[in-house]
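Asker: Can you keep this structure in mind? I'll have questions shortly.
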Amino acid sequence: MNYKPDVIGRGYLQACLRVENRPGSPPRPEDKEEILERLDALHAAGVPAWWYSVSAKGSHPLFPSKVLPHHPDAVPGMYEWLAEEVHRRDMVLCSWEYLCTAPYLIREHPEYAMEFLQPKVPHNASEEALERARERHARAYGDVNPVPCYLSPYGDMLKEFCVEVFEDLGFDAIWFDGCFMSATNTTPGMPMGCRCPRCAAKFRADTGHEIPRVADWDDPDFRVFIKWRYAVLGDYMRSLCEHVRANSRHGLVCLNHFQRLRHATGFGCPLNPMDVDGLVTAEVDQAPYQTIMQLKYLRAISNRHGQEMWVHQQPGGPNADPDDMAYFGMLCMTGGGHMSLGLSAMPKEIVSTLSAIVERLRPRAEYVGGEPFRYAGILLSSNTKDFAFGGADDPTWRSVHGIHNILMHAHLPSEIILDEQVTLEHLETFPLVILSDVRCLSDQQAQHLSDYVEGGGLLLVTAATGILDEMGWERERGALDDFMGVVSRGPAAPMSPTVRPVGAWAHNLAPRFDLDGFRYGQPSDAFQDPLRVEFRDDVTVLAACDEEGSPPAITARSVGSGQVIFVNRDIGGFYSRTPSRQYRDVVAALILAHSEPPYTVHAMPHVAVTGWQQGDDRVVFHLLSQIHELCYLPATSGRPHLDMGSAPPSGPIRIELPRQAKRAWRPVSGGPVCLRVEDDRSTIEVDGVEQHDVLVLE
Ligand SMILES: [Zn+2]
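Numbering (my numbering), first residue to last: 1 to 698.
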């Protein structure tokens, strides 16, 4: 059964595939036949959940809403009819719309509109490009700024509107795109909001500062504004979900969360825990190489209702090859979530494609998610991303994605920690915490990290971690330097990349090799070379620099009952673009010499293995043979075409874990599994997977 009237989302959250195919104008009675044709095609393909729109892009309600001004041609009763038809076919119905636009409302109430900050530097697009953008914007919204402020009466009206869509029309979910606190993406330069009189008064009351006019990263008030704005948008999204839950037992709000590589900070979604009673979802923008890590930080942001990732149908058009999209679905499942799919063809043109995708995903759906094994916690710092490089977020994404990829390829389980989760209580749920060039740390975060190590935690720190405070201003001494045994950090200096590892941890490594950090050149000079660091005598040198007089490349120091390991190179940033076995081996050896993972995996590096605890007795592993393009971040912002169905052979996979398993099986493929149990350890071996498989252990 897909349609489940008694659960939140009425089956949306369990759907193995959610398909977007929606109109731009109000449906009329004479359209019923055509609408049923779409519906029947999706139904024939076995698609469990369908996105239609009660509002066209730009939040023009396409039905006679009692709450918001609506399209003049809206016909009563059409959506109620549609919801019944969808549910009759045992499917789930979701509306897609924009959170941040309401042009009809603003025509009536221009005072509700968001006001934008001026850019410090005028964007450098040509006059011709700007004119094209202005035309595009005018086509979509006329001469109106379509963006309302959430603090205006629009905020409450939208909440009531959601309840209307769930309770009166009978929809099961609403998927909000456009979760911005800025102009729409048709506006040239996409300036940030909001500095309307309501926001200015609230900003003054909340912070004691005057709201800035210009988006200037050098202005301390602007940095305060950035953090304040996250709080405002996060509070609004949370209160929207709460209002819906109070007035609709089963309606589900989904929020497209805009914090990702290639989407600048200007959108305003908080990269910190939100814990909303809704589904926090995201999209990959044709860049699936981010998918598994994206799902991890969505989980850290909010985990009440699982995770989801949207992708555009690729390749597009009729009779498209289903293999790529099914593969993307299995990639999402490996990360603990489900896929939603934006169609570029009419459903009737791709029934066999959709049905082939569903056939692959449906038997896997019940094994998705659960409690991920907690081993490494990687800090993805919003403050560092925003402030360390004056609004340029690329270096931070690279450092974090890179270290995440190293761990994935070395088969060491990881999850993401966010700035506000750097508390002793949360850190202690991870035996290992990794700070990959996390430049911005507060004194309080530093204290929690040092307490964590003192209490027995293992902390792995790289590059210029802690050299700035939480607002990105320079510190006199690095926040972690005292307890890492750092005496001083000199200027960035060119150093030989060649290192000599010292001690038992490195017995499998070469006696000398290059260990380079990411050399950026832009946007900050400090990023080009490692800092020339001086250490106290009580650190243990784990790798010396080959060059006479240069400081060690890797050190360790015992603090209390724990250890802190410091790698004075941005190895994460380096690996993000240039994966290599040497880097994996170094990081894995450093970690494994000091700590034991919850399970050990022997497999090729491109094979992603994720482990999940489902209930007390069951452990599920997802095994995915990753295509090469998923294993690194490309250097350009272009969108590479990913032939996702081209996964190389996985080779044999062996997993060992300290538990007495009674049986192990592969419920989807039915393939053979070899299980050996000795004392309290189980070893499971499979001879390989074709793209993806599920392995269950009880
Ligand atoms: Zn405002």
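Ideal Cβ positions, reconstructed from N, Cα and C, are used throughout, including at glycine.
Since the structure is predicted, the reported quantities are computational estimates derived from the model, not experimental observations.
Compare the C-alpha of HIS250 against each of PRO497, HIS622, ASP537 and ASP6 and name the closest.
Answerer: Among PRO497, HIS622, ASP537 and ASP6, the Cα nearest to that of HIS250 is on ASP6.
Asker: Hey, out of ASN21, ARG10 and LYS662, whose CA is closest to GLN313's CA?
Answerer: Of the listed residues, the one whose Cα sits closest to GLN313 is ASN21.
Asker: In terms of residues, what are the limits of the alpha helix (DSSP H) holding PRO220?
Answerer: From DSSP, the alpha helix (DSSP H) with PRO220 extends over 220 to 247.
Asker: Please state whether DSSP places ILE627 in a helix, a strand or coil.
Answerer: Here ILE627 sits in coil by DSSP.
Asker: Can you list, in chain order, every residue whose CB sits closer than 6 angstroms to a heavy atom of ligand 1?
Answerer: That query returns the following residues: MET114, CYS149, LEU151, CYS194, CYS196, ARG198 and CYS199.
Asker: Can you tell me whether ARG107 is helix, strand or coil according to DSSP?
Answerer: Looking at ARG107 - three-state DSSP - the assignment turns out to be helix.
Asker: Is it buried or exposed for ASP419, if we count other Cβ within 10 angstroms and need 16 for buried?
Answerer: Burial call: buried.
Asker: Output needed for CYS674: all residues of its chain with C-beta closer than 6 angstroms, excluding positions within five of it in sequence on either side, in chain order.
Answerer: If we look at CYS674 and ignore the five residues flanking it on each side, its Cβ neighbours are GLU685.
Asker: With a threshold of 16 other CB atoms inside 10 Å of the CB of HIS507, please say whether the residue is buried or exposed.
Answerer: HIS507 should be labelled exposed.
Asker: Quick check: the Cα distance between GLU428 and LEU480, rounded to an integer number of angstroms?
Answerer: Going from the Cα of GLU428 to the Cα of LEU480 covers about 18 angstroms.
Asker: Between the C-alpha atoms of ARG618 and ARG18, what's the straight-line distance to the nearest angstrom?
Answerer: Approximately 27 angstroms, taken between the alpha carbons.
Asker: Contact between the region 109 to 120 and the region 44 to 64 is defined here as three or more beta-carbon pairs at a separation below 8 angstroms; is this criterion met?
Answerer: No contact exists between the region 109 to 120 and the region 44 to 64.
Asker: Assuming the contact rule is C-beta atoms closer than 8 angstroms, LYS385 and LEU271 should be a hit. Round their C-beta distance to whole Å, please.
Answerer: Confirmed, about 7 angstroms.
Asker: Short check: CB of VAL567 to CB of LEU458, under 9 angstroms?
Answerer: Their beta carbons are not under 9 angstroms apart, which means VAL567 does not touch LEU458 by this criterion.
Asker: Taking VAL620 and LEU509 to be in contact with their CB atoms under 8 angstroms, please state how far apart those CB atoms are, rounded to whole angstroms.
Answerer: Actually they do not touch by this definition, with Cβ atoms about 34 angstroms apart.
Asker: I need the DSSP call for HIS602, collapsed to helix, strand or coil.
Answerer: In the structure shown, HIS602 sits in a strand (DSSP, three-state: E or B).
Asker: Would you identify the three-state DSSP class for GLN712, choosing helix, strand or coil?
Answerer: Since the first and last residues shown for the chain are 1 and 698, residue 712 lies out of range.
Asker: From the DSSP output, read off the bridge partner residues of HIS137.
Answerer: DSSP lists no partner for HIS137.
Asker: Would PRO717 be called buried (16 or more neighbouring beta carbons within 10 Å of its own) or exposed?
Answerer: The first residue shown for the chain is 1 and the last is 698, placing residue 717 beyond what the model contains.
Asker: Sorted by chain position, which residues of the same chain lie with C-beta nearer than 7 angstroms to GLN522's C-beta, five sequence neighbours on each side aside?
Answerer: Low confidence applies to GLN522: its pLDDT is 42, below 50, so where it sits in the model is not reliable enough to give any reading.
Asker: Can you list, in chain order, the residues of its chain whose CB lies under 6 angstroms from that of GLY466, leaving out five sequence neighbours each side?
Answerer: LEU441, GLY478, ALA479 and LEU480, listed in sequence order.
Asker: Buried or exposed, going by whether 16 or more other CB atoms sit within 10 Å of the CB of MET325?
Answerer: Looking at its Cβ environment, which holds 16 or more other Cβ atoms inside 10 Å, MET325 is buried.
Asker: Grab the span of the alpha helix (DSSP H) containing ALA661 for me, first residue to last.
Answerer: Premise fails: ALA661 is in no alpha helix (DSSP H) and is neither H nor E.
Asker: Can you list, in chain order, the residues of its chain whose CB lies under 7 angstroms from that of MET190, leaving out five sequence neighbours each side?
Answerer: Result list for MET190: SER182, ALA183 and GLY266, in chain order.
Asker: State the Cα-Cα distance for the pair SER595 and ARG569, rounded to the nearest angstrom.
Answerer: Roughly 22 angstroms between the two C-alpha positions.
Asker: Just mark ASP693 as buried or exposed, buried being the case when its beta carbon has 16 or more other beta carbons within 10 Å.
Answerer: Result: buried.
Asker: Which residue marks the beginning of the beta strand (DSSP E) containing ILE565, and which one marks its end?
Answerer: First-last of the beta strand (DSSP E) with ILE565: 562 to 567.
Asker: Please go through the same chain and pick out, in chain order, the residues whose beta-carbon is closer than 6 angstroms to the beta-carbon of TYR150, but skip the five residues on each side of it.
Answerer: For TYR150, where only same-chain residues beyond five positions count, the Cβ hits under 6 angstroms are TYR236.
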